[in-house]
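Engineer: Input: one structure, supplied below.
2 protein chains.
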Amino acid sequence: MSLHKPQTQLLYPELEQALEAGDLEALEALCDHLAVEDLAELVDELEASLRVVFFSKIPLQTATDIFQQLSLPTQSEVLDSLPAAREAEIINEMDPDDRTALLETLPINDTKQLLSFLKPRERAQAQKLLDFPEDSVGRLMTPDFLAIRQEWTVARAMQFIRENGEDKETLNDIYVVDEKGRLLDDIRIREFLLSAPECPVEDIMDGQYTALPAMNPQEEAIQAFKKYNTLTALPVVDEDGLLLGIVTIDDILLLEEKETTEDIQKLGGVEALDTSYLEAPYWNMLRKRVGWLTGLFIGEMFTATAMSFYQGEISKAVVLALFIPLILSSGGNSGSQATTLMIRAIALGEVTFADIWRVFRREILMGVGLGIILAVIGCLRIFVWGAAFHTYGPHYMILGMAVGVAIVGVVAWGTIVGAMLPIVLRRLGLDPATSSAPFVATFIDVTGIVIYFNIAMFVMGGRLF
Amino acid sequence: MSLHKPQTQLLYPELEQALEAGDLEALEALCDHLAVEDLAELVDELEASLRVVFFSKIPLQTATDIFQQLSLPTQSEVLDSLPAAREAEIINEMDPDDRTALLETLPINDTKQLLSFLKPRERAQAQKLLDFPEDSVGRLMTPDFLAIRQEWTVARAMQFIRENGEDKETLNDIYVVDEKGRLLDDIRIREFLLSAPECPVEDIMDGQYTALPAMNPQEEAIQAFKKYNTLTALPVVDEDGLLLGIVTIDDILLLEEKETTEDIQKLGGVEALDTSYLEAPYWNMLRKRVGWLTGLFIGEMFTATAMSFYQGEISKAVVLALFIPLILSSGGNSGSQATTLMIRAIALGEVTFADIWRVFRREILMGVGLGIILAVIGCLRIFVWGAAFHTYGPHYMILGMAVGVAIVGVVAWGTIVGAMLPIVLRRLGLDPATSSAPFVATFIDVTGIVIYFNIAMFVMGGRLF
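Just so you know, the sequences run in chain order V and A.
The first sequence begins at 3 in the working numbering and counts up by one.
The second sequence begins at 3 in the working numbering and counts up by one.
Structure representation (structure tokens):
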């Protein structure tokens with residue numbers, strides 16, 4: 003079966019029919035025929051009532067596998083509609099890391115209720131994972147890993163893997179621990195496959211491993227997987243080096259996607275939605291959008307204040323007002339560019355505070371360069387229109403010069419502010435993405451008005467006034 | 003060794019000293035002590051001359067492993083400075099997928115020269131991979147995989163893996179092919195480990211696999227790994243189902259990072275840099291930034307044109323001009339929000355063209371809602387200032403009403419344009435990210451002026467003029 007979504011979609015009517023008719027045989031045939039990921043896609047589209055039938059009728063293991071593939075909001079929707087007995091069965095069967103992901107998104111009372119459904123061993127485990135701080139590596143890990151001892155032979159290790167590997171999330175990496183359970187090494191399964199059975203495990207250890215401290219932020223896990231990119235799982239340890247669990251790369255891929263979405267939304271001046279666009283309720287979405295928008299609006303009000311100081315100049319030379327949006331937006335756009343580049347460069351670790359002067363020099367030159375190019379275009383436009391259509395009165399040459407100089411000034415200012423702000427915010431321990439493009443643009447609007455009118459007054463002197 | 007970067011950094015002077023003194027023993031001790039990823043980080047910081055010494059002196063396999071961890075620009079820098087013989091050794095030793103990644107970034111003449119350094123078998127392989135279109139799955143794959151036959155037993159398969167697995171990139175997944183080499187199934191290594199040796203391979207096959215067609219875009223590979231998230235490698239096939247190679251998840255993580263960077267840069271109105279911020283040469287960066295900026299500037303010039311139609315109104319009521327930046331930026335900001343949300347939702351597959359009316363209804367309501375909130379704040383400000391400081395003349399109540407209505411109109415307009423544009427662009431087969439926040443803001447600036455002055459003229463009638 004290859005990557006052809008339509009093929010899977012074609013089976014939707016069949017699934018719906020089997021559920022409506024209560025045809026268990028057809029249902030099981032469908033489940034055998036499709037991968038759980040594809041089944042999950044179909045189930046996602048079912049009406050709530052049919053979904054309940056689906057999750058009640060199919061075998062528990064398959065039900066749980068499919069359940070874990072659903073989005074978190076859908077998972078909690080499904081749980082709400084299932085009979086309590088089935089609900090309990092499914093959450094007892096879930097992988098510990100997927101269970102944590104679900105439990106941490108639920109309201110506190112739902113979490114408590116679900117915990118009470120768990121068998122003692124599972125409950126203790128789930129509770130322990132939830133005890134790690136939010137956004138910590140501990141919340142990502144699964145305690146289902148295989149640990150062996152260095153004094154064993156490869157044959158004994160393989161035997162152990164065969165006997166205990168069934169319910170482990172991955173067998174790609176095997177961990178070596180000492181008698182206290184402290185991590186000594188990680189060994190990829192290929193080493194076992196390629197070594198002689200009588201070889202001691204000690205001989206295939208290289209003592210080189212990377213472990214994630216459980217209390218550290220999840221961001222570190224992403225960075226570690228990108229750096230040590232031949233690994234598909236990383237061990238998690240406590241402060242004594244005790245092996246607590248593993249983080250697998252599939253969770254990292256999804257976590258990375260989630261964090262990217264948050265970053266992009268912040269860049270656009272929206273609070274992170276935490277849910278998909280169409281699933282976000284109207285009022286919730288309004289709240290997340292109105293916050294930044296109101297803040298920016300209040301900031302932008304200072305443009306009216308700033309302009310009121312130059313009301314006299316405007317009334318004497320209305321032509322000056324015509325170029326306000328052009329000049330401000332040039333500064334805003336160059337600032338957006340600079341801040342976006344910088345936020346991403348900081349997120350990728352390419353730029354740190356140590357580079358601030360290098361960035362400063364570079365962006366000053368960049369801002370002046372960009373400003374001159376735009377200023378030339380702007381001047382030409384004013385000269386041509388002024389000469390051809392007399393649009394801008396008799397002093398259009400001087401006006402063109404004033405606008406040109408103002409563009410260089412505002413663009414250079416926008417560039418440098420946009421570039422510096424994220425670095426400074428990061429240094430202060432704040433999120434650089436707060437310096438979103440709209441934020442920078444608003445700041446440039448207010449200050450740009452002052453720059454423009456002062457330059458215009460200086461260049462034009464008494465000529466228009 | 004746990005995730006403590008400082009520890010690795012502490013070894014930098016040691017490495018430098020060993021290279022300067024030509025102390026081979028110290029060098030090898032360092033190489034044994036550190037993971038290749040950490041060594042690569044140190045090597046990255048070395049001066050060019052010491053880097054040459056490093057890559058010439060250490061064993062070829064280690065040198066190649068470290069070389070492959072370097073960024074592509076650094077890789078080509080290193081190759082340029084190495085003696086031709088060593089250069090040839092290293093590129094012959096590289097993994098096929100890493101080699102393709104390097105070759106495709108080099109100027110055509112360098113690529114040809116490097117190809118001529120390759121041994122016949124490697125050259126044929128590299129050429130074949132480069133023959134796939136840019137950004138296709140084929141360019142990502144490595145032909146180093148293990149394929150077995152369904153009539154074998156598990157024991158024979160394991161024997162085969164042991165004998166042929168040494169130079170394969172991953173042994174986590176094993177592929178079953180027919181006598182023509184067509185893919186029949188993928189089997190995770192755990193199935194072999196957990197099955198009885200005498201069991202036929204056929205019995206552990208489930209016939210469920212996902213294969214990527216080699217000519218399809220790389221974006222599909224990313225989506226497939228996110229969906230089938232328990233896999234660490236995916237098979238690549240040609241149109242006849244012939245197994246050509248595999249794509250491994252480590253390449254996906256890096257590809258995803260690269261694509262996210264491009265998307266974010268486009269959102270900020272910059273052409274994708276294709277290199278890290280500090281490594282991009284000044285002129286190159288200027289070129290990538292000036293393009294969009296000039297386009298936006300020329301578009302924004304229409305604001306001056308639009309405003310010139312209302313010059314008469316402005317000269318009669320300068321107070322109208324004071325609110326231009328405030329009103330335009332509100333529309334621009336709400337448009338930025340909407341477009342950013344929509345571009346991301348489209349990228350994640352949450353919103354498609356089929357949802358356009360749903361999005362339209364939702365964003366109209368959102369835009370009006372957001373507009374009313376901002377309008378109330380704006381009116382209050384004008385009423386209070388007008389009453390307290392007489393800033394806006396005798397008709398400040400009417401002015402406040404006009405500005406308020408204009409804010410609702412421009413914000414609703416900005417929101418709907420920002421939301422619809424990416425969906426329409428996608429439908430036309432264009433990149434939705436082209437509808438960047440600055441682009442939407444510019445469009446709103448020009449149209450917003452017309453909306454504002456018409457509303458103001460209508461609401462205020464002759465009262466100010």
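Just so you know, even glycine gets a beta-carbon here, dropped at the ideal spot from N, CA and C.
This one's a predicted model, so the numbers in the text were calculated from it and none came from an experiment.
Hey, does Val440/V have any beta-carbon neighbour from chain A nearer than 8 angstroms?
Structural biologist: One-based indexing of the first sequence puts residue 440/V at position 438. Per the sequence shown, the amino acid found at residue 440/V is Pro instead of Val. Chain A has a Cβ within less than 8 angstroms of the Cβ of Pro440/V.
Engineer: My parser needs the alpha helix (DSSP H) runs of 4 or more residues fully inside the region 292 to 364 of chain A; what are they?
Structural biologist: 313 to 318, 321 to 324 and 326 to 349
Engineer: Leaving out the 5 sequence neighbours to the left and right, which residues in its chain are closer than 7 angstroms to Ser338/A when beta-carbon positions are compared?
Structural biologist: Looking up residue 338/A in the second sequence gives position 336. Same-chain partners within the cutoff: Gly420, Ala439, Val442 and Ala443.
Engineer: Measure the C-alpha to C-alpha separation of Ala347/V and Leu244/V and round it to an integer number of angstroms.
Structural biologist: As a working mapping, residue 347/V is identified with position 345 in the first sequence. As a working mapping, residue 244/V is identified with position 242 in the first sequence. Counting only the Cα atoms, Leu244/V lies some 35 angstroms from Ala347/V.
Engineer: Within 8 angstroms, do at least three Cβ pairs link the region 416 to 435 of chain V to the region 389 to 397 of chain V?
Structural biologist: When Cβ pairs closer than 8 angstroms are counted between the two stretches, the region 389 to 397 of chain V is seen not to touch the region 416 to 435 of chain V, the count staying below three.
Engineer: Going by alpha carbons, who is nearest to Ala86/V out of Gly293/V, Leu117/V, Asn174/V and Ala235/V?
Structural biologist: To locate residue 86/V, count along the first sequence from 1; it is residue 84. Answer by Cα proximity: Leu117/V.
Engineer: Within the continuous alpha helix (DSSP H) that includes Pro424/V, where are the two ends?
Structural biologist: Within the first sequence, numbered from 1, the residue matching residue 424/V stands at position 422. Taken as a continuous stretch (DSSP letters only), the alpha helix (DSSP H) holding Pro424/V covers Tyr398 to Arg429.
Engineer: Less than 8 angstroms separating the beta-carbons of Ala340/A and Glu302/A?
Structural biologist: Within the second sequence, residue 340/A is the residue found at index 338, counting from 1. Within the second sequence, residue 302/A is the residue found at index 300, counting from 1. No. Outside cutoff.
Engineer: Would Thr155/V count as contacting chain A if we go by Cβ distances under 8 angstroms?
Structural biologist: Taking the first sequence and counting its residues from 1, one reaches residue 155/V at position 153. Output row for Thr155/V: interface = no.
Engineer: Exposed or buried, Phe467/A, counting other C-beta atoms within 10 Å across all chains shown (16 or more means buried)?
Structural biologist: Along the second sequence, read from residue 1 onward, the residue named residue 467/A stands at position 465. Interpretation of Phe467/A is limited by its pLDDT of 49, a score under 50 that renders its predicted location unreliable; the figure taken from the coordinates is listed afterwards. Result: exposed.
Engineer: Out of Leu142/A, Cys33/A, Ile418/A and Glu39/A, which has the shortest C-alpha to C-alpha gap to Ala216/A?
Structural biologist: Translated into the one-based positions of the second sequence, residue 216/A becomes position 214. When each option's Cα is compared against that of Ala216/A, the closest is Leu142/A.
Engineer: Taking only beta-carbon atoms, is Phe311/A less than 8 angstroms away from chain V?
Structural biologist: Against the second sequence, residue 311/A aligns to sequence position 309. Phe311/A does not count as touching chain V.
Engineer: At a cut of 8 angstroms, does the region 57 to 72 of chain V reach the region 95 to 106 of chain V through at least three beta carbon pairs?
Structural biologist: yes
Engineer: Step through the CB atoms of chain A and report whether any lies within less than 8 angstroms of the CB of Leu104/V.
Structural biologist: Indexing the first sequence from 1 puts residue 104/V at position 102. The beta carbon of Leu104/V does not come within 8 angstroms of any beta carbon belonging to chain A, so the residue lies off that interface.
Engineer: Under a Cβ-count criterion, where at least 16 other Cβ atoms within 10 Å of its own Cβ denotes burial, should Phe460/V be classed as buried or exposed?
Structural biologist: As a first step, residue 460/V is located in the first sequence; it is residue number 458 there, counting from the start. Exposed.
Engineer: Taking Ile189/A as part of the alpha helix (DSSP H), name the residues at either end of that continuous run.
Structural biologist: Locating residue 189/A in the second sequence gives position 187, where the first residue counts as 1. Run containing Ile189/A: none in the alpha helix (DSSP H); it sits in the beta strand (DSSP E), Leu185 to Arg190.
Engineer: Start and end of the beta strand (DSSP E) containing Phe139/A?
Structural biologist: As a position in the second sequence, residue 139/A is number 137, starting the count at 1. Just to set this straight, residue 139/A is Val in the shown sequence, not Phe. Premise fails: Val139/A is in no beta strand (DSSP E) and is neither H nor E.
Engineer: Measuring only the C-alpha atoms, how far is Asn174/A from Ala235/A?
Structural biologist: Here the question's residue 174/A lines up with position 172 in the second sequence. Here the question's residue 235/A lines up with position 233 in the second sequence. When rounded, the distance between both Cα atoms is 8 angstroms.
Engineer: Look up Ile248/A in the DSSP assignment and say whether it is helix, strand or coil.
Structural biologist: Locating residue 248/A in the second sequence gives position 246, counting from the first residue. If DSSP states are grouped into helix, strand and coil, Ile248/A belongs with the strands.
Engineer: Report the rounded CA-to-CA distance for Leu427/V versus Ser437/V, giving the unit in angstroms.
Structural biologist: The residue you call residue 427/V lines up with position 425 of the first sequence. The residue you call residue 437/V lines up with position 435 of the first sequence. Cα-Cα distance, rounded: 8 angstroms.
Engineer: Can you list, in chain order, the residues of its chain whose CB lies under 6 angstroms from that of Trp294/V, leaving out five sequence neighbours each side?
Structural biologist: As a working note, residue 294/V is residue 292 in the first sequence. These residues qualify, in order along the chain: Gly271.
Engineer: Along chain A, in chain order, which residues have C-beta atoms closer than 9 angstroms to that of Lys260/V?
Structural biologist: Taking the first residue of the first sequence as 1, we reach residue 260/V at position 258. Simply none; closest approach about 10 angstroms.
Engineer: Am I right that Ile409/V and Leu376/V are in contact with their C-beta atoms under 8 angstroms? What's the rounded C-beta distance?
Structural biologist: Stepping through the first sequence from its first residue, residue 409/V is reached at position 407. Stepping through the first sequence from its first residue, residue 376/V is reached at position 374. Right, their Cβ atoms sit about 5 angstroms apart.
Engineer: Let me confirm a value: Tyr284/V is counted as buried when at least 16 other C-beta atoms fall within 10 Å, else exposed. Which label applies?
Structural biologist: What you label residue 284/V is simply residue 282 of the first sequence in a count that begins at 1. Exposed, since its Cβ has fewer than 16 Cβ neighbours within 10 Å.
Engineer: Mark Ser197/A as exposed unless 16 or more other C-beta atoms lie within 10 angstroms of its C-beta, in which case mark it buried.
Structural biologist: Translated into the one-based positions of the second sequence, residue 197/A becomes position 195. The residue in question, Ser197/A, is buried, as its Cβ has 16 or more Cβ neighbours within 10 Å.
Engineer: Do you know how far the Cα of Arg289/A is from the Cα of Leu309/V?
Structural biologist: Here residue 309/V refers to the residue found at position 307 when the first sequence is read from its first residue. Here residue 289/A refers to the residue found at position 287 when the second sequence is read from its first residue. As written in the sequence, residue 309/V is Met, which differs from the Leu given in the question. Taking the straight line joining both Cα atoms gives about 34 angstroms.
Engineer: So, does the CB of Ser278/A fall closer than 8 angstroms to a CB anywhere in chain V?
Structural biologist: As a position in the second sequence, residue 278/A is number 276, starting the count at 1. Under the Cβ criterion of 8 angstroms, Ser278/A is counted among the residues facing chain V.
Engineer: Could you work out which residue in Glu168/V, Phe194/V, Glu165/V and Asp169/V is closest to Val178/V when comparing CA atoms only?
Structural biologist: Counted from its first residue, the first sequence places residue 178/V at position 176. The option with the nearest alpha carbon to Val178/V is Phe194/V.
Engineer: Would you call the CB atoms of Glu200/V and Ala157/V closer than 8 angstroms?
Structural biologist: Numbered from its first residue, the first sequence carries residue 200/V at position 198. Numbered from its first residue, the first sequence carries residue 157/V at position 155. It is a contact, given that the beta carbons lie within the stated cut-off.
Engineer: Evaluate contact between the region 159 to 171 of chain A and the region 263 to 280 of chain A, counting only Cβ atoms and requiring at least three cross-stretch pairs below 8 angstroms.
Structural biologist: No, because fewer than three Cβ pairs between the region 159 to 171 of chain A and the region 263 to 280 of chain A fall closer than 8 angstroms, the two stretches do not touch.
Engineer: What distance in whole Å lies between the Cβ atoms of Ile189/V and Met475/V, which are believed to be in contact at a cut-off of 8 angstroms?
Structural biologist: The requested residue 475/V does not occur in the structure, where chain V is confined to residues 3 to 467.
Engineer: Could you list which residues in chain A have their beta carbon closer than 7 angstroms to that of Lys229/V, in chain order?
Structural biologist: Against the first sequence, residue 229/V aligns to sequence position 227. Lys229/V reaches chain A at Glu39, counting residues in chain order whose Cβ is nearer than 7 angstroms.
Engineer: Using DSSP with H/G/I as helix, E/B as strand and the rest coil, what is Ala20/V?
Structural biologist: Residue 20/V sits at position 18 when you count from the first residue of the first sequence. Ala20/V: helix per DSSP, three-state reduction.
Engineer: With distances taken from CA atoms, which of Pro424/A, Lys170/A, Val321/A and Ala274/A is nearest Ala404/A?
Structural biologist: On the second sequence, residue 404/A is found 402 positions in, with the first residue counted as 1. Nearest of Pro424/A, Lys170/A, Val321/A and Ala274/A to Ala404/A, Cα basis: Val321/A.
Engineer: According to the neighbour-count rule (16 or more other Cβ atoms, all chains shown, within 10 Å of its Cβ), is Gln127/V buried or exposed?
Structural biologist: Stepping through the first sequence from its first residue, residue 127/V is reached at position 125. Result: buried.
Engineer: Measure from the C-beta of Gln267/A to each C-beta in chain V and report whether the shortest distance is under 8 angstroms.
Structural biologist: The count along the second sequence starts at 1 and reaches residue 267/A at position 265. Yes, Gln267/A lies at the interface with chain V (some Cβ there is under 8 angstroms from its Cβ).
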